[in-house]
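J.: Counted the way the UniProt record's numbering counts, the sequence shown spans residues 1 to 525.
Virtual Cβ for every residue (Gly too), placed ideally from N, Cα, C.
Note that the coordinates shown come from a computational prediction; the quantities given were computed from them, not determined experimentally.
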Amino acid sequence: MKNIRVNKLLFFVRIILTLTFSIGTSQVNIEEAFPNLNFIQPVDLQYSPDGSNRLFVVEQEGWIYVFENDPLVTNKSLFLDISDRIIFQGERGLLGLAFHPDYENNGTFFVNYTAPSPLRTVVSRFQVLSDDPNLADDESEFVIIEINQPFSNHNGGQIVFGPDGYLYIGMGDGGSGGDPYDHGQNLNTLLGSMLRIDVDDPDDGLNYGVPDDNPFVGTDYKDEIFAYGLRNPWRFSFDLVTNNCWIADVGQNLYEEIDILEEGGNFGWNIMEGTHCFNPPSDCDTTGLIMPIFEYNHNWGESITGGFVYRGSMVPSIFGKYIFADFEYGDIWSLEYEEGTPPIVETMGDLGAYSVTSFGVDQNNELYICSFDGKIYKFVESPISITVGHNTGWNLVGLPVITGASNYQEIFPESILGTLYFFDGGYISGTDLTNGEGYWLRFPNEGFSIITGIPIYELIINLNEGWNLISGISTILDISEILDPDGIIIPGTLYSFNSGGYFNPGTLEPGNGYWIRANISGTIT
1 MKNIRVNKLL FFVRIILTLT FSIGTSQVNI EEAFPNLNFI QPVDLQYSPD
51 GSNRLFVVEQ EGWIYVFEND PLVTNKSLFL DISDRIIFQG ERGLLGLAFH
101 PDYENNGTFF VNYTAPSPLR TVVSRFQVLS DDPNLADDES EFVIIEINQP
151 FSNHNGGQIV FGPDGYLYIG MGDGGSGGDP YDHGQNLNTL LGSMLRIDVD
201 DPDDGLNYGV PDDNPFVGTD YKDEIFAYGL RNPWRFSFDL VTNNCWIADV
251 GQNLYEEIDI LEEGGNFGWN IMEGTHCFNP PSDCDTTGLI MPIFEYNHNW
301 GESITGGFVY RGSMVPSIFG KYIFADFEYG DIWSLEYEEG TPPIVETMGD
351 LGAYSVTSFG VDQNNELYIC SFDGKIYKFV ESPISITVGH NTGWNLVGLP
401 VITGASNYQE IFPESILGTL YFFDGGYISG TDLTNGEGYW LRFPNEGFSI
451 ITGIPIYELI INLNEGWNLI SGISTILDIS EILDPDGIII PGTLYSFNSG
501 GYFNPGTLEP GNGYWIRANI SGTIT
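#1: Which same chain residues, not among the five before or five after residue 243, have their C-beta less than 6 Å away from its C-beta?
#2: Write down the C-beta distance between residue 299 and residue 396 rounded to the nearest angstrom, noting that I regard them as a contact closer than 8 Å.
#3: Report, in whole angstroms, the separation of the C-beta atoms of residue 315 and residue 381, which I expect to be a contact under 8 Å.
#4: Figure out for me which residue from 34, 57, 53, 33 has the closest Cα to the Cα of residue 43.
#5: Spatial neighbours of residue 99 within its chain, please: CB distance less than 6 Å, with the 5 preceding and 5 following residues excluded, ordered by chain position.
#6: Please report the distance separating the alpha-carbon of residue 426 from that of residue 515.
#7: What span of residues does the alpha helix (DSSP H) with residue 411 cover, start to end?
#8: What separation, rounded to the nearest whole angstrom, lies between the Cα atoms of residue 322 and residue 336?
#9: Beta-carbon separation of residue 170 and residue 195 under 9 Å?
#10: Need the endpoints of the beta strand (DSSP E) that residue 329 sits in, please.
#11: Grab me the residues of residue 441's own chain with a C-beta within less than 7 Å of its C-beta, minus the 5 sequence neighbours each way, in chain order.
#12: Hey, is residue 267 close to the ligand GTP, as in C-beta under 8 Å from one of its heavy atoms?
#13: Considering only the alpha carbon of each residue, which of 503, 405, 29, 475 lies closest to residue 510?
#14: Is residue 15 helix, strand or coil by DSSP?
#15: With DSSP as the reference, identify every bridge partner of residue 100, one or two as the case may be.
#16: Buried or exposed for residue 342, going by 16 or more other Cβ atoms inside 10 Å?
#17: Let me know if residue 405 comes out buried or exposed under the rule of 16 or more other beta-carbons within 10 Å of its beta-carbon.
#18: Can you tell me the Cβ-Cβ gap for residue 506 and residue 470, rounded? I've got them flagged as a contact below 8 Å.
#19: What does residue 378 pair with, by DSSP beta-bridge criteria?
#20: Looking only at DSSP bridge pairs, what is residue 196 linked to?
#21: Would you give the residue range spanned by the beta strand (DSSP E) that residue 54 belongs to?
#22: For residue 87, which residues from the same chain have a beta carbon less than 8 Å from its beta carbon, with the 5 sequence-adjacent residues on both sides left out?
#23: Is the beta carbon of residue 197 closer than 9 Å to that of residue 138?
#24: Mind listing, in chain order, the continuous beta strand (DSSP E) runs of no fewer than 3 residues lying wholly within the stretch 253-316?
#25: Is it true that the CB of residue 67 sits closer than 9 Å to the CB of residue 374?
#26: Do you know offhand how far residue 348's Cα is from residue 459's?
#27: Contact defined as beta carbons within less than 8 Å: I believe residue 174 pairs with residue 168. What is the distance between those atoms, to the nearest angstrom?
#28: Suppose the cutoff is 6 Å on Cβ atoms and the five residues either side in sequence are ignored; what does the same chain contact list for residue 302 look like?
#29: How many Å lie between residue 423 and residue 345 at the Cα?
#30: Could you give the first and the last residue of the continuous beta strand (DSSP E) run that contains residue 248?
#31: At which residues does the beta strand (DSSP E) containing residue 228 begin and terminate?
#32: In chain order, what residues of the same chain have a beta carbon less than 7 Å from the beta carbon of residue 176, not counting five sequence neighbours either side?
#33: Can you grab the Cα-Cα spacing for the pair residue 521 / residue 438, in whole Å?
#34: Let me check one thing: in DSSP terms, what residues is residue 441 bridge-paired to?
#35: In the structure shown, what three-state DSSP assignment does residue 48 receive?
#36: Kindly indicate the opening and closing residues of the beta strand (DSSP E) around residue 134.
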């Protein structure tokens with residue numbers, strides 16, 4: 001995150017001058033997640049790993065609030081107040097929160113804040129009260145590590161427990177501009193680096209331990225460093241599927257970049273800004289430097305805010321994509337990345353200048369946006385409409401989208417009353433449709449129905465041994481794309497139906513039903 005500048009260009013041309021990639025427009029909408037709540041300069045959102053479905057919002061001035069994860073929630077509670085021990089201005093303040101992986105049992109959590117006299121980054125542990133899960137003991141502070149800061153900016157701020165159980169701390173280069181002390185390339189300072197420490201097993205003389213497999217253990221360099229060459233990794237996160245750590249590193253005057261963490265890696269600052277020489281400005285030595293997977297120039301934005309690889313279920317069109325934003329311009333994008341191929345970037349929305357400070361997820365991995373306007377936002381899938389044709393008489397049908405209604409007369413108003421049947425060892429009359437299930441339904445005339453709802457791009461379908469009626473997703477699916485890891489589908493037993501009778505289809509069409517036979521009970525995707 002950068003200080004707010006005085007002026008911002010209202011109109012500009014976005015010229016792509018950096019890494020080759022393609023750009024499009026997403027069909028995802030952004031809306032307020034908790035319209036009855038307001039915050040003051042929220043900079044982080046976390047959930048407690050105790051199954052309580054609570055969310056915690058960090059305010060930069062030194063407060064953390066807790067509330068129920070419910071869109072209708074009207075109350076928030078003050079969880080922690082350390083405003084008396086921080087310095088708050090610009091890029092300083094209470095900047096990050098991380099719950100211990102065993103929080104449910106030990107009740108400990110960690111914060112990252114800026115303290116005065118001397119100016120320094122502090123990472124501390126706190127304890128929740130044993131008799132009130134919504135209130136922390138602000139006198140329980142145990143300082144884990146302190147790192148002096150030579151300037152007021154580039155403090156990093158993110159702390160995250162990795163999949164290995166260690167605490168990762170993103171440290172900026174110490175500030176000013178251009179890294180005047182060359183901290184980014186100095187392995188004898190903790191600035192300009194990604195640190196990795198053990199908060200459960202401290203070493204002698206320290207309030208933390210250093211993992212034995214940290215890359216610089218046993219050398220003359222700082223043992224805590226896991227990677228270096230970073231300018232200001234304001235936000236980073238781990239992908240729950242691949243365990244990759246995605247780092248959004250705020251640039252200097254020309255480029256913002258996204259990196260994937262590598263053990264012992266040198267990400268180039270201040271030799272390079274993104275993929276471009278910085279110091280020296282040309283003919284720099286790039287030997288051993290790790291290039292970003294994506295960069296954008298300052299026609300796009302001027303202060304990148306890193307997010308998450310989306311692993312929730314409510315917005316299937318962005319599943320597996322990295323979501324990020326620009327603080328100064330307010331634009332939000334998704335990035336689809338596969339090593340060796342150009343990234344695919346889509347524009348998702350614009351919350352306005354100086355808005356997107358951070359992203360966070362809840363216990364279901366649904367994604368939220370913290371905005372300086374005091375609101376928390378979320379993504380919602382844009383509805384689509386699917387036209388489903390039908391013949392006179394009996395048809396095999398299914399529900400290809402997520403809808404607010406499930407009664408077949410609302411979904412297929414052209415159908416004949418009382419003619420919906422599902423199959424469970426025999427035909428059973430029904431009234432409601434379920435995604436992934438197939439049904440017999442009768443129509444008086446040939447025609448079509450238009451079904452509107454949230455698209456479905458993946459379904460897990462339960463099959464019983466023997467014959468089953470199923471339906472597909474919101475897009476045409478080749479039968480070769482059906483995932484059957486346990487081999488329960490009997491080959492050649494997928495059947496569709498039309499006025500001419502049964503036939504073996506090559507694809508599953510949205511809104512149609514199908515027979516399929518399984519040799520044992522199980523699931524397919």
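T.: Put simply:
#1: Residue 243 sits at position 243 when you count from the first residue of the sequence shown. Hits under 6 Å: 163.
#2: As a first step, residue 299 must be located in the sequence shown, where it is residue number 299. As a first step, residue 396 must be located in the sequence shown, where it is residue number 396. That pair is no contact at about 52 Å.
#3: Your numbering for residue 315 matches position 315 in the sequence shown. Your numbering for residue 381 matches position 381 in the sequence shown. Their Cβ separation, rounded to whole angstroms, is 5 Å, which keeps residue 315 and residue 381 in contact under 8 Å.
#4: The sequence position of residue 43 within the sequence shown is 43, counting from 1. Of the candidates 34, 57, 53, 33, the one whose C-alpha sits nearest the C-alpha of residue 43 is 57.
#5: Taking the first residue of the sequence shown as position 1, residue 99 is located at position 99. 48, 49, 109.
#6: Taking the first residue of the sequence shown as 1, we reach residue 426 at position 426. Taking the first residue of the sequence shown as 1, we reach residue 515 at position 515. Going from the Cα of residue 426 to the Cα of residue 515 covers about 13 Å.
#7: For the purposes of this step, residue 411 is taken as residue 411 along the sequence shown, with counting starting at 1. Residues 408-411.
#8: If you number the sequence shown from 1, residue 322 lands on position 322. If you number the sequence shown from 1, residue 336 lands on position 336. Those two C-alpha atoms are separated by around 6 Å.
#9: As a first step, residue 170 is located in the sequence shown; it is residue number 170 there, counting from the start. As a first step, residue 195 is located in the sequence shown; it is residue number 195 there, counting from the start. Judged by their CB atoms, residue 170 and residue 195 are nearer to each other than the 9 Å cut-off.
#10: By 1-based counting over the sequence shown, the position of residue 329 is 329. No residue range can be given for residue 329, since it is assigned to no beta strand (DSSP E) and is classified by DSSP as neither H nor E.
#11: For the purposes of this step, residue 441 is taken as the residue at position 441 of the sequence shown. 395, 397, 408, 412, 415, 419, 420.
#12: By its list of ligands, the structure shown contains no ligand whatsoever, and the ligand GTP lies outside what it can speak to.
#13: One-based indexing of the sequence shown puts residue 510 at position 510. Of the listed residues, the one whose Cα sits closest to residue 510 is 475.
#14: Locating residue 15 in the sequence shown gives position 15, counting from the first residue. Interpretation of residue 15 is limited by its pLDDT of 30, a score under 50 that renders its predicted location unreliable; the figure taken from the coordinates is listed afterwards. Looking at residue 15 - three-state DSSP - the assignment turns out to be coil, as it is neither helix nor strand.
#15: Taking the sequence shown and counting its residues from 1, the one referred to as residue 100 is at position 100. Residue pairing from DSSP leaves residue 100 without any beta-bridge partner.
#16: Indexing the sequence shown from 1 puts residue 342 at position 342. Under this definition residue 342 is an exposed residue.
#17: To locate residue 405, count along the sequence shown from 1; it is residue 405. Its Cβ having fewer than 16 others within 10 Å, residue 405 is exposed.
#18: For this step, residue 506 is matched to residue 506 along the sequence shown. For this step, residue 470 is matched to residue 470 along the sequence shown. 16 Å between Cβ atoms; not a contact.
#19: For the purposes of this step, residue 378 is taken as the residue at position 378 of the sequence shown. In DSSP, residue 378 forms a bridge with 31, 368.
#20: Here the question's residue 196 lines up with position 196 in the sequence shown. 168, per the DSSP bridge assignment.
#21: Sequence index remark: in the sequence shown, residue 54 carries index 54 (1-based). Residues 54-59.
#22: Counted from its first residue, the sequence shown places residue 87 at position 87. Once the five neighbours on either side are set aside, the close Cβ partners of residue 87 are 93, 114, 115, 116, 119.
#23: Counting from 1 along the sequence shown, the entry for residue 138 is found at position 138. Counting from 1 along the sequence shown, the entry for residue 197 is found at position 197. Between residue 138 and residue 197, the gap from beta carbon to beta carbon reaches 9 Å or more.
#24: Counting only runs of 3 or more, we get 255-260, 294-297, 304-309.
#25: Residue mapping note: residue 374 aligns to position 374 of the sequence shown, counting from 1. Residue mapping note: residue 67 aligns to position 67 of the sequence shown, counting from 1. With contacts defined by Cβ atoms closer than 9 Å, residue 374 and residue 67 do not form a contacting pair.
#26: Along the sequence shown, read from residue 1 onward, the residue named residue 348 stands at position 348. Along the sequence shown, read from residue 1 onward, the residue named residue 459 stands at position 459. Residue 348 and residue 459 have their C-alpha atoms spaced approximately 24 Å apart.
#27: By 1-based counting over the sequence shown, the position of residue 174 is 174. By 1-based counting over the sequence shown, the position of residue 168 is 168. Between residue 168 and residue 174 the Cβ distance is about 19 Å, and since that is not below 8 Å, they are no contact.
#28: Here residue 302 refers to the residue found at position 302 when the sequence shown is read from its first residue. Cβ neighbours of residue 302 beyond the five flanking positions: 328.
#29: What you label residue 423 is simply residue 423 of the sequence shown in a count that begins at 1. What you label residue 345 is simply residue 345 of the sequence shown in a count that begins at 1. Roughly 43 Å separates the two Cα atoms.
#30: Reading the sequence shown from its first residue, position 248 is the one you call residue 248. Per DSSP, residue 248 belongs to the beta strand (DSSP E) from 245-249.
#31: In the sequence shown, residue 228 corresponds to position 228, counting from 1. Where residue 228 is concerned, the enclosing beta strand (DSSP E) stretches over 225-228.
#32: The sequence position of residue 176 within the sequence shown is 176, counting from 1. Non-local beta-carbon contacts of residue 176 in its own chain, meaning distances under 7 Å to residues more than five positions away in sequence, involve 151 in chain order.
#33: Your numbering for residue 521 matches position 521 in the sequence shown. Your numbering for residue 438 matches position 438 in the sequence shown. Annotation: residue 521 to residue 438 spans about 17 Å, alpha carbon to alpha carbon.
#34: Looking up residue 441 in the sequence shown gives position 441. In the DSSP output, where bridge partners are listed per residue, residue 441 has 395.
#35: Translated into positions along the sequence shown, residue 48 becomes position 48. DSSP places residue 48 in coil when its eight states are reduced to three.
#36: On the sequence shown, position 134 is the one that residue 134 refers to. The continuous beta strand (DSSP E) containing residue 134 extends over residues 132-148.
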